[in-house]
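All remarks here apply to the structure that follows.
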Amino acid sequence: MSGGKKMLIYLSMIETEEEKHKFVQVYETYQYFMWYVANEILHDKYLAEDAVQEAFLALTRHLDKVEEVKSTKTKNFIATIVKSKSIDMIRKKKNEIEEYEEEIVGESKENILEEYIQKEEHNKIVNAIHQMEELYRVVFEYKYLHELSDKEIAEILEVTPKVVNVRLFRGKKKLKELLMKEDNKYAKQ
């Protein structure tokens, strides 16, 4: 937004012509000083511009505190407003960063827990598969560990795809029994 448009916005917030004249004088006298103060605190020219705008908005509400435009008292008052707005921006940014970090940490804790649970479940299933009779274990390994189709497994084992399908079905039942037995063993401990 250009300086002229900003000035119109500020002036629209001020009631009397006398205060409008005072504000224009303050703006022209201190705008660069205010930016310098804000930039010294924020170390970012764009944030400094935002802080100066916030300070000018605040100044429109407190023009009664400005007696003489070009005085040490006024300069200190304006510097205080700019510093306050700059510090507010730092706090706001810090809070946003903390919220973001908390969100990331929370998500990563959940992800770590989910991964751990999945790995434990996977290990439990693999261990149960290794306890199965070879007839079923081999079919399971080909199907789920090596991701072969029923037809490919049938060719390797020299049986029909129907036999592979039956062994998978029976193997799933056996696997379920082994996993339930394993869960019951942990539940009793």
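So the sequence shown is numbered by the numbering used here: it starts at 522 and just counts up by one.
Each residue gets a CB set at the ideal place from its N, CA and C atoms; glycine is no exception.
Which listed residue (the options) has its alpha carbon closest to that of residue i
i, options, result
"glutamate 679", "Gly692, Ser533 and Val660", "Val660"
"lysine 693", "Asn705, His667, Ala649 and Ile638", "Ala649"
"leucine 669", "Lys614, Asn686, Glu538 and Glu589", "Asn686"
"serine 607", "Leu584, Asp565 and Glu623", "Asp565"
"glutamate 655", "Tyr553, Val590, Ile633 and Leu689", "Leu689"
"glutamine 552", "Arg658, Asp571 and Glu538", "Asp571"
Cα-Cα separation between residue i and residue j, rounded to whole angstroms
i, j, result
"glutamate 617", "leucine 568", "15 Å"
"isoleucine 611", "leucine 563", "7 Å"
"glutamate 636", "methionine 701", "22 Å"
"glutamate 575", "glutamate 620", "24 Å"
"threonine 593", "lysine 604", "16 Å"
"glutamate 623", "lysine 615", "12 Å"
"valine 573", "lysine 640", "54 Å"
"threonine 595", "isoleucine 633", "56 Å"
"valine 684", "alanine 675", "8 Å"
"glutamate 673", "histidine 667", "11 Å"
"aspartate 609", "isoleucine 602", "11 Å"
DSSP three-state assignment for residue i, whether helix, strand or coil
i, result
"aspartate 565", "coil"
"leucine 584", "helix"
"valine 680", "coil"
"threonine 593", "helix"
"threonine 537", "coil"
"serine 670", "coil"
Residue-level contact to chain D via CB, residue i, 8 Å cutoff
i, result
"isoleucine 618", "The chain labelled as chain D is not found in the depicted structure, where only one protein chain is given."
Enclosing alpha helix (DSSP H) for residue i [first to last residue]
i, result
"leucine 656", "655 to 661"
Within 8 Å, strictly: CB atoms of residue i and residue j
i, j, result
"glutamate 698", "lysine 645", "no"
"tyrosine 665", "isoleucine 677", "no"
"lysine 541", "leucine 529", "no"
"leucine 578", "phenylalanine 544", "no"
"isoleucine 599", "methionine 555", "yes"
"valine 558", "leucine 580", "no"
"lysine 695", "methionine 653", "yes"
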